[in-house]
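For reference, the structure is listed below as structure tokens.
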Amino acid sequence: MDVLFGPVDASVTADPHQESADDDHRGLGAGFRIADFGCGPGLYSGKLSEREAAVVGIDFSTRSILHAQAVAAREGLSVRYVNQDYLEFDTDERFDLVMMIMCDYCALSPSQKNLKGTLPNS
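Take the sequence shown: its letters are residues 1 to 122, numbered as in my numbering.
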């Protein structure tokens, strides 16, 4: 498995995790369309947007989305944040990368986990 960034504590916005993201971005940037499921306060969404990727961050926490939107506005980032449970997210958009940081996969039911193998290639 290819890991985008090293381990971080997503509850903080300290420099160590940001430096890790800066150092190890796997070339993701301009032209990439990325969905960040469970984006929280936008730590990764923001870093990818700084690289000119088209990013959609989805999270059910209103507080996290409001924080992420405020940071994006302050930093002049063009991330689109959606305040919604990613399990209910429905879009016709296509993404080059759908990411879920912090092992949220364990929140899925067995039938939802089975969907993983049925998604079409983009």
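C-beta atoms are modelled at their ideal positions from N, C-alpha and C, and glycine is treated no differently.
Following the DSSP letters along the chain, one finds arginine 33 in no alpha helix (DSSP H) but inside the beta strand (DSSP E) bounded by residues 33 to 37. Here alanine 53 carries a coil assignment [DSSP, helix/strand/coil]. Collapsing the DSSP output to three states places valine 71 in a helix. Annotated three-state conformation of isoleucine 65 is helix, per DSSP. The criterion of a C-beta distance shorter than 8 Å is not satisfied by phenylalanine 37 and leucine 97.
DSSP places leucine 97 within a strand segment (E or B) once states are collapsed to three. A check of alpha carbon separations from serine 49 across Phe60, Thr62, Ala35 and Met100 identifies Ala35 as the nearest.
The closest CA to that of leucine 87, considering only Cys39, Leu28, Gly29 and Ala54, is found on Cys39. At the C-beta level, valine 79 and glycine 42 come within 8 Å of one another. Within 10 angstroms of the beta-carbon of leucine 77 lie 16 or more other beta-carbons, which makes it buried. In the DSSP secondary-structure assignment, aspartate 59 is bridged to Asn83.
Here alanine 72 is buried, its C-beta having at least 16 other C-beta atoms within 10 Å.
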